[in-house]
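Down below is the structure, laid out as structure tokens.
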Amino acid sequence: MSLKKRIFLFVSSFYIIFVTFPLFGHLIPIPIWIVNLFVFLSLFLIYPNAYLNKTFFWFFIYAIVLFLFVLLNKPLTIGIGTVTDSKKIIIEYAFLLPTLSIFSILHYLRDSELIRKISFVGVFSIFASFLFIIPQIFSDSLILRNAYNLSVTDAMITPGIPNYLIMHAYTLIVSPIIYGIKISPPPRKWILFFSLIILLYVILNTYVTTSLMLVLAILVISIVYSDNNRIRSFLIAFLSIFLLLILHLSGIFVQLFDFLIDFFEGTAVQPKIEGFKYIYLFGDIEQSGGHITGRMNLHDMSWKAFSENFLIGGTSPVGGHSQLIDRLGGMGLVAFIPFIMMIFAQIKMVLKLITNSEQRLFYYLGLGVAFAILYQKGLFGQEGWLFMMVLLPGLLITFRNSKLLTH
């Protein structure tokens, strides 16, 4: 391995561990903006030509638009706390630049071994952090959610406990791990299966309703789908829908809601499940309580702002609960188009590296999770971008290459 590749691997690994291992960041109290700036400048200096791609081009356009908005005192509705826009723009750049750098260089080099090592560092760091997290969950099943509440109400950070952003990001690696289980021979298959159980256990104990629903959807689709017999897959899907109808008519779902309400009693998930039960029973979202209608109202605020000025966004406040709609509502198509094109350009670059149809399915499942979070949540952060742009495709490519080497 050349010296430049070694430097890239070291710098990228440091950043990945810093982001995915909460205790590491606590023990090395370097401000995150310094880490991000160091990573970006270091990687840019060793591989400047890697940045000549459409993904980085659209980021550059997006960055210019944000700068012009700040210059013209137009509010940045990008969901980064309550800091001033002059700081918010820097944070937005810092969230994106390291991940875009790592991805751009990996795509530029097309080095399978480097992709494998970067992906391994990410997975190892995540599961190493679980060695600290899981014992904490055993002693207090609500510690992940309570730590988030403390960070919001009292600005208190619990050492070693993942923040709210990475709790959502964990769901982005569920689909590649399932893909690895499906195509890997023993004993790797069983190692990945055990890893998946651990990952699902942590996700369950985050008590993030969105994550739980997304994981359930991924599991169902993964079980039903077969790349060797797509007709059979569609038939199973049809029969599954028919079975759900039978269960609905028999009242099983009401009992299931009651069971889940009892199971999640005292957690942040309980009132949300109660809301879904009301929707299911009465077909009236207004009876579901504030947990669901509240989010919809916030989204409606952003849509209202967007309707006031499609080009640069309206003057009405946005809801602050959607990465996608908030940008549309507060900054219009001028900011939204380069932002979304940056994502689509990155996806297109990944699809050039992923040619197997089954592999693509699990990539699309991961993307579905990412877009659901982007739409439903006001925060995505550097954690989300790292998982979406680097770890998700990296793991899929690594597992596929591993299968080809064993044949």
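The numbering of the sequence shown is my numbering, which starts it at 59 and goes up by one. Every residue, glycine too, gets a C-beta built ideally from N, C-alpha and C. Values in this document were obtained by computation on a predicted structure and should not be read as measured data.
| Query | Result |
| --- | --- |
| Secondary structure at Arg-246, three-state DSSP: helix, strand or coil? | helix |
| Exposed or buried, what is Ser-346 when buried is set at 16 or more other beta-carbons lying within 10 Å of its beta-carbon? | Only weak support exists for where Ser-346 lies, its pLDDT of 45 falling under 50; the coordinates are left without a value. |
| With DSSP run on the structure shown, which of helix, strand or coil describes Phe-153? | helix |
| Rounded to the nearest angstrom, what separates Glu-441 and Val-77 at their Cα positions? | 6 Å |
| Mind reading off the beta-carbon distance from Phe-322 to Ser-187? Whole number of angstroms is fine, and I expect it under 8 Å. | That belief does not hold up - the Cβ atoms of Phe-322 and Ser-187 are roughly 24 Å apart, past 8 Å. |
| Run through the stretch 117-199 for me and flag every whole alpha helix (DSSP H) of 4 or more residues, listed as ranges in chain order. | 143-167, 170-197 |
| So, do the stretch 152-160 and the stretch 87-95 have three or more beta carbon pairs nearer to each other than 8 Å? | yes |
| Which of the three DSSP states, helix, strand or coil, is assigned to Tyr-265? | coil |
| Can you give me the C-alpha to C-alpha distance between Lys-240 and Ile-219, rounded to a whole angstrom? | 31 Å |
| Could you spell out where the alpha helix (DSSP H) holding Pro-491 opens and where it closes? | Any answer about residue 491 is impossible in this case: the structure gives the chain only from 59 up to 465. |
| Note down, in chain order, each residue of its chain lying with its Cβ closer than 7 Å to the Cβ of Leu-391, except the 5 sequence neighbours on either side. | Phe-368, Leu-369 |
| For Pro-244, does the count of other Cβ atoms within 10 angstroms reach 16, so buried, or fall short, so exposed? | exposed |
| Whole angstroms is fine: what's the gap from Gln-313's alpha carbon to Leu-444's? | 39 Å |
| Note down, one range per segment and in chain order, each beta strand (DSSP E) of at least 3 residues found wholly within the stretch 275-310. | none |
| Could you compute how far the alpha carbon of Met-407 sits from the alpha carbon of Ile-255? | 31 Å |
| Note down, one range per segment and in chain order, each alpha helix (DSSP H) of at least 4 residues found wholly within the stretch 395-463. | 415-434, 439-444, 450-463 |
| Any contact of the stretch 449-460 with the stretch 224-236, i.e. 3+ C-beta pairs under 8 Å? | yes |
| Verify whether the separation of the beta carbon atoms of Phe-180 and Ile-279 is less than 9 Å. | It should be noted that the sequence gives Gly, not Phe, for residue 180. No, the pair does not count as a contact, with Cβ atoms beyond the cut-off. |
| Where does the unbroken alpha helix (DSSP H) through Tyr-73 begin, and where does it stop? | 61-78 |
| Pull up the distance between the alpha-carbon of Ile-184 and that of Ala-430, whole angstroms please. | 22 Å |
| Can you give me the Cβ contacts of Lys-247 inside the same chain, cut-off strictly under 6 Å, excluding the 5 residues immediately before and after it? | Ile-239 |
| Would you tell me roughly how many angstroms separate the C-alpha atoms of Met-447 and Ser-308, rounded to the nearest one? | 44 Å |
| Could you tell me whether the stretch 378-389 touches the stretch 352-363, using the rule of 3 or more Cβ pairs below 8 Å? | yes |
| Give a yes or no on whether the C-beta atoms belonging to His-165 and Leu-411 are separated by under 9 Å. | yes |
| Closest to Leu-158 by C-alpha separation, out of Leu-302, Gln-404, Tyr-422, would be which residue? | Gln-404 |
| Considering only C-alpha positions, which residue in the set Tyr-283, Phe-161, Met-225 is nearest to Tyr-259? | Met-225 |
| Can you look up Val-376 in the DSSP assignment and give me helix, strand or coil? | coil |
| Alpha carbon to alpha carbon, how far is Ile-176 from Ser-70? Give it in angstroms, no decimals. | 7 Å |
| Mapping DSSP to helix, strand and coil, what is Thr-113? | helix |
| Count the other CB atoms within 10 Å of the CB of Thr-135; is the residue buried (16 or more) or exposed (fewer)? | buried |
| In whole angstroms, give me the CA-to-CA distance for Tyr-421 and Leu-103. | 31 Å |
| Mark Val-141 as exposed unless 16 or more other C-beta atoms lie within 10 angstroms of its C-beta, in which case mark it buried. | exposed |
| With 16 as the cutoff for other CB atoms within 10 Å, does Arg-458 come out buried or exposed? | buried |
| Please go through the same chain and pick out, in chain order, the residues whose beta-carbon is closer than 7 Å to the beta-carbon of Gly-439, but skip the five residues on each side of it. | Phe-153, Leu-223 |
| Quick one: is Lys-335 buried, meaning 16 or more other Cβ sit within 10 Å of its Cβ, or exposed? | buried |
| If you draw a straight line from the C-alpha of Val-427 to the C-alpha of Asn-131, how long is it? | 34 Å |
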